[in-house]
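Undergrad: Counted from 1, the sequence shown has number 28 at position 28 by the UniProt record's numbering; the numbering is strictly sequential.
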Amino acid sequence: MFTGIVEELGEVVSLTPAGSSGEAVLLTVRGPLVSSDAGHGDSISVNGVCLTVVDRGEGAFTADVMKESLDRSSLGSLVPGSPVNLERAARVDSRLGGHIVQGHVDGTARLLSRNPGDNWDVLRFELPGALSRYVVEKGSITVDGTSLTVSAVSDPGAAEEFFEVSLIPETLRATTLGALAAGAAVNLEVDVVAKYVERITAVAAARG
Numbered sequence: 001m002f003t004g005i006v007e008e009l010g011e012v013v014s015l016t017p018a019g020s021s022g023e024a025v026l027l028t029v030r031g032p033l034v035s036s037d038a039g040h041g042d043s044i045s046v047n048g049v050c051l052t053v054v055d056r057g058e059g060a061f062t063a064d065v066m067k068e069s070l071d072r073s074s075l076g077s078l079v080p081g082s083p084v085n086l087e088r089a090a091r092v093d094s095r096l097g098g099h100i101v102q103g104h105v106d107g108t109a110r111l112l113s114r115n116p117g118d119n120w121d122v123l124r125f126e127l128p129g130a131l132s133r134y135v136v137e138k139g140s141i142t143v144d145g146t147s148l149t150v151s152a153v154s155d156p157g158a159a160e161e162f163f164e165v166s167l168i169p170e171t172l173r174a175t176t177l178g179a180l181a182a183g184a185a186v187n188l189e190v191d192v193v194a195k196y197v198e199r200i201t202a203v204a205a206a207r208g
């Protein structure tokens, strides 16, 4: 479990094919802070994807990334040198500064535009139709592992579905979103509470 508060801006060191088919990879990421106390089996969020540490070196850690994760997230497009948002799993006695984040990517989207302001940037992302019912204005969403508040969302059934977030200077400085260019792909995770509510009401309706 994570909070969506990025602890460190890391850098991809290498991606090495793994397994007999070569479809999985061993991903090594430089992140001195998050790797400082990482142990075998610990969870670290990399651009919003929960990965399990299998090895730790000097200021870096290595994790297995299976084909499913590569196919369903933007991790497959990473190359050595790519910046990534990093967060260690939350402690049960820590403050929940963001919102409940599982590190389970619900889909990917592309940045449509960014509108710089005096004290913040407004970023507009496409909104996949399958996720649009979970996104509401002033609600929470995770973009590449960063907990954000939705500042605007398109009307249901709009020709182009989108959502917007307004990023303060600290978020722009401390995460990959500060340098994100239009057209770049990001990982999205919607609020898990909304999915549970939908499931509960659907089951209740089916049972009459």
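Where is the CB? At the ideal position from N, CA and C, for every residue including glycine.
Remember, predicted model here, so these are calculated numbers, not experimental data.
Quick one, are the C-beta atoms of F182 and S113 less than 7 Å apart?
TA: This sequence places Ala at residue 182; Phe is not what is there. Taking 7 Å as the Cβ cut-off, A182 and S113 qualify as a contacting pair.
Undergrad: Inspect the CB distances between the segment 74-92 and the segment 116-132 and report whether three or more fall short of 8 Å.
TA: The answer is no - the segment 116-132 does not touch the segment 74-92, with fewer than three Cβ pairs under 8 Å.
Undergrad: Residues in the same chain with beta-carbon distance under 6 Å from L96, minus the five sequence neighbours each way, listed in chain order, please.
TA: T3.
Undergrad: Quick check: what's the CA-CA separation for S35 versus T62?
TA: Each residue's Cα considered, the two are about 9 Å apart.
Undergrad: Does the Cβ of T52 have 16 or more other Cβ atoms within 10 Å, making it buried, or fewer, making it exposed?
TA: When all chains shown are included, T52 counts as exposed.
Undergrad: Could you say if the segment 100-116 and the segment 8-28 meet the contact criterion of at least three C-beta pairs nearer than 8 Å?
TA: Because the criterion of three Cβ pairs below 8 Å is not met, the segment 100-116 and the segment 8-28 do not touch.
Undergrad: Within the same chain, show all residues whose beta-carbon is closer than 6 Å to that of I168, passing over the 5 residues directly before and after it, in chain order.
TA: Taken in chain order, the residues that qualify are W120.
Undergrad: Could you give the residue range of the beta strand (DSSP E) that holds P83?
TA: Note, P83: beta strand (DSSP E), 83-88.
Undergrad: Assuming contact is defined by CB atoms lying nearer than 7 Å, are D144 and T176 in contact in what I supplied?
TA: Yes, the Cβ-Cβ distance between D144 and T176 is below 7 Å.
Undergrad: Output the boundary residues of the alpha helix (DSSP H) element that contains E58.
TA: Where E58 is concerned, there is no enclosing alpha helix (DSSP H), given that its DSSP letter is neither H nor E.
Undergrad: Given this structure, state the Cα-to-Cα distance separating S154 from R124, to the nearest angstrom.
TA: Using only the alpha carbons, I get a separation of about 10 Å.
Undergrad: I need the straight-line Cα distance from V12 to A89, nearest angstrom please.
TA: Computed Cα separation, rounded: 19 Å.
Undergrad: Here's the rule I'm using: 16 or more other beta-carbon atoms within 10 Å means buried, otherwise exposed. How should N115 be labelled?
TA: It is exposed - the Cβ of N115 has fewer than 16 other Cβ atoms within 10 Å.
Undergrad: Checking the sheet assignment: what are the DSSP bridge partners for E164?
TA: Bridge partners of E164: R124, A152.
Undergrad: Can you grab the Cα-Cα spacing for the pair residue 212 / V49, in whole Å?
TA: Nothing about residue 212 can be read from this structure; the chain reaches only from 1 to 208.
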